[in-house]
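To start, the structure itself, in structure tokens.
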Amino acid sequence: MSLNTSTILERRIVYLLLFLAVLLPLLFPIGWGSDVSPVVKMSYDLIDQTPAGGIGLISFDYEASTITEMQPMAVAQIEHAWSRGQKVIATALWPQGPQMAAQSFEEAKRNPLFKDKEYGVDYVNLGYKVGGMVTVQALGSSFKDVYPKDSSGRAWDTLPMLKDLKNLKGLSWICSLSAGEPGLKDWIMIAHDVHNVPVTGGTTAVSAPGFLPYVNNHGQLTGLLGGLKAASEYEALIGKKGPATTKMDAQSVAHILILLLIAVGNIKVWVRKRNNAKNTEVTNA
Numbered sequence: 001m002s003l004n005t006s007t008i009l010e011r012r013i014v015y016l017l018l019f020l021a022v023l024l025p026l027l028f029p030i031g032w033g034s035d036v037s038p039v040v041k042m043s044y045d046l047i048d049q050t051p052a053g054g055i056g057l058i059s060f061d062y063e064a065s066t067i068t069e070m071q072p073m074a075v076a077q078i079e080h081a082w083s084r085g086q087k088v089i090a091t092a093l094w095p096q097g098p099q100m101a102a103q104s105f106e107e108a109k110r111n112p113l114f115k116d117k118e119y120g121v122d123y124v125n126l127g128y129k130v131g132g133m134v135t136v137q138a139l140g141s142s143f144k145d146v147y148p149k150d151s152s153g154r155a156w157d158t159l160p161m162l163k164d165l166k167n168l169k170g171l172s173w174i175c176s177l178s179a180g181e182p183g184l185k186d187w188i189m190i191a192h193d194v195h196n197v198p199v200t201g202g203t204t205a206v207s208a209p210g211f212l213p214y215v216n217n218h219g220q221l222t223g224l225l226g227g228l229k230a231a232s233e234y235e236a237l238i239g240k241k242g243p244a245t246t247k248m249d250a251q252s253v254a255h256i257l258i259l260l261l262i263a264v265g266n267i268k269v270w271v272r273k274r275n276n277a278k279n280t281e282v283t284n285a
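Quick note: the sequence shown uses the numbering used here, first residue 1, plus one each step.
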């Protein structure tokens, strides 16, 4: 077999192994655990320690391009809040946010424990409002003025869970799942800094370091979920093997395989060089 043919064959084998390394953990989840970071635990504790009947708000400030990282966070937090007897409001500072919220609620309701959750009683999707920080500021005065109707056109007064909610101060917690601007920073600056409502958040992995300074002694940000790994940690805290956990399994197996392939490649190069050196010595002799 020629060197070129051997190289092409090896390349195809590598591609096949990588394909299997990603596919098999997705089909047959391993559930490898990882240590839960303190900032993820803070976010979990905020919801976990909220009394039953409290209302939390999740702002869906992302779009389809970041759904892989952000959606597992949303579903896990919705399920966590419902398991504690809380109600959840969805808003959005991004145009695609209402669709992301609807998908998250539907996925959470596929869990047999939450299949009976009722729209308008246990959760509501208020939809998208343009304006960014201006919208958040307006919510500090009146929810109903900003959202006279929900995302489907139902009037505010027909949604039972909203009857006593006046403004941001009526919320137990706020979580902005943010892939950029407007998003988490606006909620911190208005909801927490002005109205003293606890705020937590979730971001893509690449954006998370920029928000860590807000997790400070002033409590501007009560915990942070940064990327898929943080989402998998949150799933572990609520005892769920969800999509984030499964995808982290696939990622971990693929990384292990890549390290092994690098090691094998280096060994092959070393063996080849040693054999060439021996052949040279024999020829010279």
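Ideal Cβ placement from N, Cα and C applies to all residues, glycine included.
Item, Value
"Beta-bridge pairing of residue 225 - partner residues as DSSP gives them", "202"
"Range of the contiguous alpha helix (DSSP H) that encloses residue 68", "67 to 83"
"Identity of the residue in 168, 178, 252 nearest residue 195 by Cα", "168"
"Segment limits, alpha helix (DSSP H) that includes residue 158", "Note, residue 158: premise wrong, no alpha helix (DSSP H); not H, not E."
"Residue 206 versus residue 279 - alpha carbon distance", "50 Å"
"Candidates 39, 252, 47: closest to residue 24 by CA position", "252"
"Span separating the alpha-carbon of residue 155 from that of residue 166", "15 Å"
"Residue 95 versus 151, 208, 171, residue with shortest Cα-Cα distance", "151"
"Residue 87 to residue 46 span [Cα, whole Å]", "14 Å"
"As assigned by DSSP and simplified to three states, the class of residue 92", "strand"
"Unbroken alpha helix (DSSP H) run spanning residue 104, endpoints", "97 to 109"
"Through-space distance from residue 15 to residue 238, alpha-carbon basis", "36 Å"
"Length of the line joining the Cα atoms of residue 55 and residue 164", "11 Å"
"beta-carbon residue 233 near the ligand ADP non-hydrogen atom, thresh 7 Å", "Here there are no bound small molecules, and the ligand ADP is not part of this structure."
"Rounded straight-line distance, which links the Cα of residue 30 to that of residue 268", "31 Å"
"7 Å Cβ shell around residue 134 - same chain, five flanking residues per side excluded", "none"
"Nearest-angstrom Cβ-Cβ length linking residue 28 and residue 79, presumed shorter than 8 Å", "About 23 Å separates the two Cβ atoms, so there is no contact after all."
"Buried or exposed by the 16-neighbour rule on C-beta atoms within 10 Å, applied to residue 271", "exposed"
"Stretch pair the region 130 to 148 + the region 101 to 111: three plus CB contacts closer than 8 Å", "no"
"Residue 129 (DSSP reduced to helix, strand or coil)", "coil"
"Simplified DSSP assignment, three categories, for residue 15", "helix"
"First and last residue of the uninterrupted beta strand (DSSP E) at residue 57", "55 to 61"
"CB-CB length for residue 190 against residue 136, believed under 8 Å", "4 Å"
"Same chain, Cβ closer than 8 Å to residue 61, neighbours up to 5 away in sequence not counted", "92, 93, 94, 97, 176, 177, 178, 179, 180, 182, 183, 184"
"Distance, residue 35 Cα to residue 12 Cα", "36 Å"
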